[in-house]
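The next block holds one structure in the form of structure tokens; read it before the comments.
Number of protein chains: 2
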Amino acid sequence: MSLIGHGGKEIVERVVDPKEAVEKIRGLTQIPIRDQIAREVIMISYGFFTPLEGFMTKADVDGVVENMRLANGVVWSIPIVFDMSSEEIAAKGIKEGDTLLLMCQNQPFATLDVEEIFDYDLKKMAAKIYGTEDDKHPGCARTYRYADRFIGGKVTLVNPPKMNEPYDAFFLTPRQMRAKIAEKGWERCVAHQTRNVPHSGHEWLMKHSWIACHADQPVEKTITGVVVSAVMGEKRKGDYIDEAIVLTHDALRKYGYFREDVHLTSIIMWDMRYAGPKEAIFHAIVRTNLGITHHMFGRDHAGVGSYYDPYDAHRIFDTISKEDLRITPIRVLEWWYCPVCGEVTYSGLCGHTKERQNFSGTVVRSIIQDGVKPPRIIFRPEVFDIILETAEKYGFGSAYVNDQYLAQRQPLFTVPPLEL
Amino acid sequence: MSLIGHGGKEIVERVVDPKEAVEKIRGLTQIPIRDQIAREVIMISYGFFTPLEGFMTKADVDGVVENMRLANGVVWSIPIVFDMSSEEIAAKGIKEGDTLLLMCQNQPFATLDVEEIFDYDLKKMAAKIYGTEDDKHPGCARTYRYADRFIGGKVTLVNPPKMNEPYDAFFLTPRQMRAKIAEKGWERCVAHQTRNVPHSGHEWLMKHSWIACHADQPVEKTITGVVVSAVMGEKRKGDYIDEAIVLTHDALRKYGYFREDVHLTSIIMWDMRYAGPKEAIFHAIVRTNLGITHHMFGRDHAGVGSYYDPYDAHRIFDTISKEDLRITPIRVLEWWYCPVCGEVTYSGLCGHTKERQNFSGTVVRSIIQDGVKPPRIIFRPEVFDIILETAEKYGFGSAYVNDQYLAQRQPLFTVPPLEL
Chain Z
1 MSLIGHGGKE IVERVVDPKE AVEKIRGLTQ IPIRDQIARE VIMISYGFFT PLEGFMTKAD
61 VDGVVENMRL ANGVVWSIPI VFDMSSEEIA AKGIKEGDTL LLMCQNQPFA TLDVEEIFDY
121 DLKKMAAKIY GTEDDKHPGC ARTYRYADRF IGGKVTLVNP PKMNEPYDAF FLTPRQMRAK
181 IAEKGWERCV AHQTRNVPHS GHEWLMKHSW IACHADQPVE KTITGVVVSA VMGEKRKGDY
241 IDEAIVLTHD ALRKYGYFRE DVHLTSIIMW DMRYAGPKEA IFHAIVRTNL GITHHMFGRD
301 HAGVGSYYDP YDAHRIFDTI SKEDLRITPI RVLEWWYCPV CGEVTYSGLC GHTKERQNFS
361 GTVVRSIIQD GVKPPRIIFR PEVFDIILET AEKYGFGSAY VNDQYLAQRQ PLFTVPPLEL
Chain B
1 MSLIGHGGKE IVERVVDPKE AVEKIRGLTQ IPIRDQIARE VIMISYGFFT PLEGFMTKAD
61 VDGVVENMRL ANGVVWSIPI VFDMSSEEIA AKGIKEGDTL LLMCQNQPFA TLDVEEIFDY
121 DLKKMAAKIY GTEDDKHPGC ARTYRYADRF IGGKVTLVNP PKMNEPYDAF FLTPRQMRAK
181 IAEKGWERCV AHQTRNVPHS GHEWLMKHSW IACHADQPVE KTITGVVVSA VMGEKRKGDY
241 IDEAIVLTHD ALRKYGYFRE DVHLTSIIMW DMRYAGPKEA IFHAIVRTNL GITHHMFGRD
301 HAGVGSYYDP YDAHRIFDTI SKEDLRITPI RVLEWWYCPV CGEVTYSGLC GHTKERQNFS
361 GTVVRSIIQD GVKPPRIIFR PEVFDIILET AEKYGFGSAY VNDQYLAQRQ PLFTVPPLEL
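From first to last, the protein sequence lines are chains Z and B.
Just so you know, full-length UniProt numbering puts 185 at position 185 of the first sequence, and the rest follows in order with no gaps.
Just so you know, full-length UniProt numbering puts 328 at position 328 of the second sequence, and the rest follows in order with no gaps.
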């Protein structure tokens, strides 16, 4: 099993046993972190962001902003930064060379070596990463919310979180995912990025990408898989609740819409930046680190509003070499329901363009809100049942995120108590 | 437009203007030929069988039988031979160095340079090509019907046939097909071999192979096509009539089940040998010469009875290098109707193996014979209408070959009158 990840570097693992860590972290300056930072600490520590070993220093941020590369030349498209106000830095007397203890859920969580304290022009960062300075773009808005200083340096997870049900069945670190892929005997597999519950249009995106990925494989055995890689991160009202996303995708395999031996549902933690093409590159990097060989990109991947052309996230891969990015993009247009064909068909093949019926989010939403079972060719009945069940069990009656869910949801993970 | 065909050789074209030929062929010994030989003369002369320039000499037959290669080392899997009885050879005084005038439809048709007259062990030929000596195997039976001598030598078409309606719209020589592919802007295209009218299972074989062929192509334009390559040759009772085969396939494009810009129906002439894996190689060679880059092979390609494992024709491509065969095989398992999915699904992906409903030829046949329109997800209504129309117009009331069709059908082509 290879442990080589993005940039040809070995998968980063910066996780230590809490028992061993406890002596070293006692007395460190404690810094409570918000959820986004906690998620990124977990991703860095388990190597999802290989070759990053921590939050970026100024040279890395500069490289990413100016050239879409880290200071060492490895392709990277989104700044991964730890922000802190100059007031807090002064108040706590933080200086380069210190080690900070990051606190999550009021527990010791990870250490951060303060290698560099720097500031950065946030307008420039936004303009270069998102192609716009518009504060209505959620990625720009997130950038503008950063405090006025960044701390660059390595992180180490000293108190690994425990994943909560139902996520515990779907969280695989890069090392674990690689072991799982080896166990399944997949020589190739294709990542399906999602933050949706799947209708049959999504199913066909996965089937398409499996076929494309499998293209020239011989017949003897199953050596190609689909890895659903659901993005768990900051939720907004109206999003699908996370529990519905993972459990409905898993249902596609459980109820035979995908064979047991070709399909796997998993999660990563990431707060969407909606950076369109640059985010597509970032997603490709993370899935490379998971040991996945191909990555599906559909229409308007990681886009928002009309900031990007629907296929900008396809085109950017024409500018990246196989040496710079090991994963192979599978670029798919649209699957829609065609009433003439009586089935879900591909925009690149079906000629009934006037009759086509797009899978509109609004229509799907109204189906779900009405609670009336749609035809099985649009929505699998088992998927529909699980949407309703998860709404009751986890969503305070709704499959869509509401205020109550935002305030009271079961968190993705629990940081175990650790006495210093 | 490249004119390089199989074996890296330029596409053979051995066709002369009848007006120029007439002086040279007057007085040659006239040999009436049967339909199989006429079809092979046409294929050779237009370069479908490049690098062959004529019927095989003994060294080529030996190479094909023993090593699946011509004497010059180029991969070749089926003997292409011109047989004649020793009695006829003696009666007509044919000797090496002669040129014969092959007569078709009582008209001068082609010349054959008698390079070599030889005999061959037909049992050995059958055993090596078909993997069996069983005379119930139609390929063996065809082999055993050969006369006791073969004549090897170049052929030249001196009186090109005129294709009859409806075939005239679908017959493209290798040079014409390459021009058509260039005109369509296809950088890749995939051949779909057929002797069937298409149900939706066939449609999905084509869609699957298009997706696999298109796999890593960028988004900007249509650069991948499907070329239906229907095999027109000796008919047996119960086969679909040729007119139904070509017109129904064309209807898939005409009525939008394939986009205008991705689909083309064409024909080749060939009497099926049912040689399974070896015939798959042969089909790949012919489509290479047509300028096609990929070739779909489904279950039991060119097989018959239980002489071959359903996927022997997939496995044989593992033994052939890209240097030996330029076309890329796309190996597809089965598409079936799945009542749980409510659609046509792929055996490699769909887990509802107990519920699956194969597209049985018997069921499809009974549907057609009853004349009751099946659901559009199984059989396109326009395809069904054309089956009934062609049955009336060309099939003496039947879409399946019967005695009357065998005796009175409109031939594929007419050899124009040519006075010597």
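Beta carbons: idealized from backbone N, C-alpha and C, even for Gly.
Only a predicted model underlies this, so the values are computations on that prediction, with no experimental measurement involved.
Cβ-Cβ separation, residue j to residue i (assumed contact under 8 Å), whole Å
i               : j               : result
I78 of chain Z  : I117 of chain Z : The Cβ separation is near 21 Å, so there is no contact.
H314 of chain Z : V219 of chain B : 4 Å
W204 of chain Z : W335 of chain Z : 4 Å
T99 of chain Z  : V158 of chain Z : Not a contact, Cβ separation roughly 11 Å.
Y405 of chain B : I267 of chain B : That pair is no contact at about 17 Å.
P339 of chain B : Q357 of chain B : 7 Å
F109 of chain Z : V415 of chain Z : 6 Å
V75 of chain B  : R69 of chain B  : 6 Å
I11 of chain B  : P174 of chain B : 5 Å
Beta carbon proximity, residue i to chain Z, threshold 7 Å
i                      : result
V65 of chain B         : no
V219 of chain B        : yes
A331 of chain B        : Residue 331 of chain B is actually Arg in this sequence, not Ala. True, the Cβ-Cβ gap to chain Z drops below 7 Å.
G351 of chain B        : yes
A21 of chain B         : no
I211 of chain B        : yes
Y337 of chain B        : no
residue 430 of chain B : The structure shown does not extend to residue 430 of chain B, since chain B spans only 1 to 420, so no value can be given for it.
residue 425 of chain B : Outside the displayed span of chain B (1 to 420) sits residue 425 of chain B, for which this structure offers no information.
G276 of chain B        : no
G256 of chain B        : yes
Three-state class that DSSP yields for residue i in the structure shown
i               : result
G51 of chain B  : Here residue 51 of chain B turns out to be Pro, not Gly, going by the sequence shown. DSSP places P51 of chain B in coil when its eight states are reduced to three.
D83 of chain Z  : strand
A399 of chain Z : coil
Y346 of chain Z : strand
Q105 of chain B : coil
T390 of chain Z : helix
H263 of chain Z : strand
M1 of chain B   : coil
F170 of chain Z : coil
Y240 of chain B : strand
F384 of chain Z : helix
K162 of chain B : strand
Residue burial classification, residue i (beta-carbon count within 10 angstroms, cutoff 16)
i               : result
A391 of chain Z : buried
N67 of chain B  : exposed
R145 of chain B : exposed
A215 of chain B : buried
T57 of chain B  : buried
V344 of chain Z : buried
R273 of chain B : buried
Q193 of chain B : buried
D121 of chain B : exposed
E243 of chain Z : buried
T353 of chain B : exposed
T319 of chain B : exposed
A407 of chain Z : exposed
S45 of chain Z  : buried
T29 of chain B  : exposed
Interface flag, residue i vs chain B, CB-CB below 7 Å
i                      : result
residue 429 of chain Z : Within the shown structure, residues of chain Z are numbered from 1 to 420, placing residue 429 of chain Z beyond reach of any answer.
F359 of chain Z        : no
K207 of chain Z        : yes
I316 of chain Z        : no
F384 of chain Z        : no
E343 of chain Z        : yes
A302 of chain Z        : no
Y311 of chain Z        : yes
R287 of chain Z        : no
R259 of chain Z        : yes
(message) Short of 9 Å Cβ to Cβ, which residues in the segment 173-198 of chain Z face chain C?
(response) Any reference to chain C falls outside this structure, whose protein chains are Z and B.
(message) Suppose only complete runs of 3+ residues qualify. What are the beta strand (DSSP E) ranges in the segment 181-232 of chain B, listed by chain order?
(response) Taken in chain order, the unbroken stretches of beta strand (DSSP E) that lie wholly in the segment 181-232 of chain B and span 3 residues or more are 188-194 and 224-232.
(request) Report the residue ranges of all alpha helix (DSSP H) runs contained in full by the UniProt domain "ATP-sulfurylase PUA-like" (6-159) of chain B; include only those spanning at least 4 residues, in chain order. (result) Correct list: 18-25, 35-46, 58-67, 86-91, 122-130 and 138-144.
(request) Would you mind listing the alpha helix (DSSP H) stretches within the segment 271-351 of chain B that are 4+ residues and don't spill past its ends, in chain order? (result) Restricting attention to alpha helix (DSSP H) runs no shorter than 4 residues, the segment 271-351 of chain B encloses them at 277-289 and 312-315, ordered along the chain.
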